[in-house]
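See structure below.
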Amino acid sequence: MPTISNVSKPQPLRYRDEYTIGIVCALKNETIALQSAFDYFFLKEDEKVETAAGDGNTYSFGTMERYHVVLAHLGDMGGIEATAVARDMRRSFPNIKLCLVVGICGIVPRILDEETFLGDVVISTHLKQYDRGKEYPSGFRSTNMLGAASVQLTRAFSFLATPQPMRHLRELMKQHLTDLNHHEDMKSFHHPGYRLDVLYEPDYVHEHRNQSCDTCHTGKYCEVAVKTNCDDLACSAQKLVSRDRILRLDEITEAMREAADVAHRQALDESFHATILPKVYLGTVASGNKVMKNGTMRDQVAVEHEVVAFEMEGAGVWNTFPTIVIKAGCDYADSHKNKKFQKYAAMTAAACAKAFLGQLQMGLPKNVELGPVPEPGGQSSGMKCHIDTDDRTDDHHYPAHRRPKLHLGDVPYHGRAPDLSTRPDEVKKFGLCLGPAPQIDPTYFIGRASELGAMNEVLQPKSQLAEQRRVVLGGMGGVGKTQLAIAYAKQYQHLYWSVFWLNATSEIMLQASFRLVAERVFTVQEREPLDDEQTWARVREWLSDTRNTQWLLIFDNYDDPDLFDVKAYYPYAAHGSVIVTTRLPDRVSGQQVRVKPLQCVEESLDILQTRCERDNVRADPYARRLAERLGGLPLALATTGAHLRKSTFTFEQHLQEYEKRWNINPRRPLKLQEYQDRTLYTTWDLSFARLASDDPDAAQMLKLLAYFDNQKIWYELLHAGCKDDLPMWLRESITNPVDFEGVMRTLTDYCFVEVQTAMQCYSMHQCVHDWALAGLNSVIDTRTYWYAFDCVAASIRKDDWGSYGLLHYAQLAPHAMRLVHNRFQQDEQINDITLDRIDEAVYIASLLQDQVQLIAAEQMYQRALAGKEKALGAEHPSTLRTVNNLGNLYHDQGKLDSAEQMYERALAGKEKVLGPEHPSTLDTVNNLGNLYWN
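For any residue, its number in our numbering is found by taking its place in the sequence shown, counting from 1, and adding 1276.
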């Protein structure tokens, strides 16, 4: 095909069949934005192409990223109009090999667990005609998945989804946006302002509120309400969804107002523009003949079909051309739709389309086929198209700053693809390939039947289900996620042709794992010329082949999503199974299976027995107490059992030593092969380091929680101790429940704590709690201790004296007991109670006594008594009352001699100070009489 010679400007193509790239726009603003993105726009007098007879379309011609493109203008929105325009376009331009549908759409509020902004762009990897299907008695069932793009475009998507090319795409799109913002035709297309980017809760309907409207009140469609903006309808700001990107922009804006330094303001300005810069997402786009204006239905369709946006024209073009939809969100597909962002979204979509063509031209070899890929079990349209890259205009017509800077094509296609037969049973099968995965003795894997069943329900290959199946095994460190994933692979390996284990602790380790897969799959000649990126791209290509469908990939230990995006390494295919193990399951897309500590104590005892190799473990009461103390955590149980296997300690002795010092042998830490370099005493260190970097306040909160009990942590308890002299981070975290929930949500995301929704509180595993005190608080922070003391004391109502034994105070008692933990008792500053807290210590001791925590109550009374003797004197009435109360406690404990000594001391003091007839003196006489009577 002809190219344009090195002249001052490119010349329009002479023949209709020379055009290979088409673009379709539905709205006027979309067309204006696209035409403004042309590198060269051919005027009517320049055009020499005549359309086919009967073609009623209107076209624009120009060049974009060195391609000649033809732009078709739709007269109206919708799939029917798009079908008619595409049909006529095919008659005039029969050699179009790729058609981009560019414009605006309704975008879902979250894509891949990320918040979206209006103006963010989606690129379709599949199209779903969601409003076409079958109506059953149980409801409507959408069945029409139009499928994916061509093999080569899928290959380009595969590369584009990786971090570096995606960053390049956004950078190029940013350059094009800058150019468009300065274009004379785009003066009214600028960003309207981020504060206008509002998202309401999905079930909050756009309707009349402050005035009578019979239509709205009956839940029917109200045309007046639809045409009225949210301000006039008084849509409630309380129904707005709080979003991190908006809050971040608010913070930057506020900082810019206060910044006096020019350099600082410039840095903040750059940060502002980086935050508001549109993002690009790849995914399935829902295309239908109706406008989605229902937040609840939007979320339902998005979840059911895994779609990222809603539009109306793509399905109409799909049946005629190989089609990719590139559209930007102008609303959130809910009833609060408005037109404020339509022009801006049209501009970002045009900029992204241009950037995408820059990627495409660099990523495809000459004469590549752009035929559609059939869905598994489906039929291809039979279209086989070729695009000759010589059809691009010459580089010399563009200044350096306008040339594409992305180098997708720098990944050459070496050799040939692996030999895959057209018959599925002849596809290469490699079986169970766990490589350097931890080797686990089958006898050491105990329980987990319910988790294995849940995983198999999601992961097992289903011929009628054309989608990739993903399970996310989430849980705290040491809970056995890796062991569970490997156990599943071994137990169900018969369901898969190939199973591969991949080390996802870092991107470098993951790429090394892909090299090992390549060594297994490809010949030396096939893999020898490939670098790392080419290697995993080739592996993904092999996995994406529609005949190679029954494979399982295990991405193990993906614990730091901030380092890299594991989704970039998923095969782009509607088949196969993926397992991801992670401590941050909410940051990974897929069906979650929460891996929790073992709930059955017998299973914990079985782990102890297989590891320590001792007999009759289940019959040993101290073994049972030890298993319960370790809370069913597999790593703790395995470590303890392995330690006992080489020790003369009994279970009772080991439990006693564990209570004294959590890390029994820090100089010689015991390592288990299946846990690799992670020990019980270090397994949470890396997660804490990431937490401290991600959210310092949440890290401080985790350290602080070591001073409370690990069960039932609630907002009112921590708020009760709020004082002006607390650290700023702590005051901000406990001032109101919203901030508290935010900090605790981060700890929940990191699997350090669990939310107990029914009881409206949080809890922490016992072993994590032990580590938080011993590891994170190796030096006791007296300020934090006294804050915990104040929280407990302030939660005790002084007028409830005599009622502290009721159930109402039962949840407070464990936190009071924590205050006399032996680690705290060893600190002199903590033992020395100041005068302003002495009476509070008595109330805490009384609570513990009434809750029958007598040892803890005795320790708190003794501390209170020592404080009063020092501050008030041995014969002060308040001191003598505490002596009397301690006598009562000894009486309850059955320590009658000690009780007698306390009563006699209190009686002698009261008679001297208060007199023999004083009511307080007579109370002690009564207590002493009861003691003698008993």
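Glycine is no exception: its CB is placed at the ideal position from the N, C-alpha and C atoms.
Task: Environment of K1619 [buried if 16+ CB atoms lie within 10 Å] - done: buried
**Message:** Only counting the same chain, and skipping five residues up and downstream in sequence, which positions put a Cβ closer than 6 angstroms to that of S1789?
**Reply:** L1778 and N1779
Measuring CB to CB, does A1604 end up less than 8 angstroms from D1396?
Against a cut-off of 8 angstroms, the Cβ pair of D1396 and A1604 comes out as a contact.
From which residue to which residue does the beta strand (DSSP E) around A1765 run?
Looking at the DSSP string, A1765 is not in any beta strand (DSSP E); the run it does join, the alpha helix (DSSP H), is K1757 to Q1767.
Helix, strand or coil for S2196 per DSSP? helix
Quick one: Cα of Q2135 to Cα of D1832, how far?
47 angstroms
Next item on the list: Kindly indicate which residue of D1479, D1473, M1568 and A1562 has the alpha-carbon position closest to the one of D1526.
Entry: D1473
Near L2124, which residues of its chain fall below 7 angstroms by C-beta distance, leaving aside the five closest residues on each side in sequence? Cβ contact annotation for L2124 (same chain, cutoff 7 angstroms, sequence separation greater than five): A2089, A2092, M2093, A2132, A2133 and M2136, in chain order.
Taking only runs that begin and end inside the stretch 1988-2053, name each unbroken alpha helix (DSSP H) of 4 or more residues, in chain order.
-> 1991-1996, 2004-2010, 2013-2025 and 2042-2050
Query raised in the report: Helix, strand or coil: which one does DSSP assign to N1779?
Result: If DSSP states are grouped into helix, strand and coil, N1779 belongs with the strands.
In chain order, what residues of the same chain lie with their CB nearer than 7 angstroms to the CB of S1464, ignoring the 5 residues before and after it?
K1619
Can you list, in chain order, the residues of its chain with a C-beta nearer than 8 angstroms to that of P1370? Leave out the 5 residues immediately preceding and following it. R1292 and D1293
key: Completely contained beta strand (DSSP E) runs for the stretch 1774-1849, where each covers 3 or more residues   = 1774-1779 and 1827-1832
inquiry  = Going by C-alpha to C-alpha distance, which of E1357, V1538, H1459 and Q2129 sits closest to A1313?
reply    = H1459
Ends of the alpha helix (DSSP H) at S2174? L2172 to V2189
Note to self: Less than 8 angstroms between the C-beta atoms of V1864 and A1903, yes or no?
What the structure shows: Contact flag unset, no.
Same chain, Cβ closer than 8 angstroms to D1389, neighbours up to 5 away in sequence not counted
D1862, R1863, V1864 and S1865
Note to self: With distance defined between alpha-carbon atoms, name the residue in K1704, L1881, Q1759 and H1851 nearest to V1797.
What the structure shows: When each option's Cα is compared against that of V1797, the closest is K1704.
- What is the residue span of the alpha helix (DSSP H) that Q2101 lies within? N2098 to Q2101
Taking all protein chains shown into account, do 16 or more other C-beta atoms lie within 10 angstroms of the C-beta of V1800, making it buried, or fewer, making it exposed?
exposed
- Task: Have a look at G1354 and E1483 and give me their C-alpha separation to the nearest angstrom.
- Result: Each residue's Cα considered, the two are about 26 angstroms apart.
Inter-stretch contact at 8 angstroms, needing at least 3 Cβ pairs: the stretch 2056-2072 / the stretch 2105-2121:
Contact check between the stretch 2056-2072 and the stretch 2105-2121: three or more CB pairs, one atom from each, fall below 8 angstroms, which counts as touching.
key: Option nearest K1630 by Cα separation, candidates C1709, Q1311 and V1593   = Q1311
Span separating the alpha-carbon of S2039 from that of Q2032:
7 angstroms
Query - Span of the alpha helix (DSSP H) around V2118 - result: That run of the alpha helix (DSSP H) goes L2111 to D2126.
Given R2157 as reference, the closest of S1547, Q2169 and Q2138 once Cα atoms are compared:
Q2138
Q) Applying the criterion that 16 or more other CB atoms from any shown protein chain within 10 Å of the CB defines a buried residue, is A2150 buried or exposed? A) exposed
Element boundaries [alpha helix (DSSP H), containing A1982]
Neither: A1982 is in no alpha helix (DSSP H) and is coded neither H nor E.
Measuring straight from C-alpha to C-alpha, what distance separates L1884 and K1766?
23 angstroms
#### Entry: Nearest candidate by alpha-carbon position, reference P2153, set G2170, K2186, A1895 and G1756
K2186
Looking at C-beta atoms only, is the number of pairs between the stretch 1563-1577 and the stretch 1331-1347 that lie closer than 8 angstroms three or more? The stretch 1563-1577 is not in contact with the stretch 1331-1347.
Original post:
So P1468 packs on K1613, CB below 8 angstroms; how close in whole Å?
Top reply: Between K1613 and P1468 the Cβ distance is about 14 angstroms, and since that is not below 8 angstroms, they are no contact.
*For K1615, three-class secondary structure by DSSP*: coil
Based on Cα-Cα distance, which residue from K1979, Q1759, R1859 and N1732 lies nearest to L1828?
N1732
Quiz prompt | Distance, I1387 Cα to R1443 Cα | solution = 17 angstroms
Original post:
Can you name, in chain order, every residue of its own chain whose Cβ lies under 6 angstroms from the Cβ of Q2169, other than the five neighbours on each side?
Top reply: Here the set comprises L2130.
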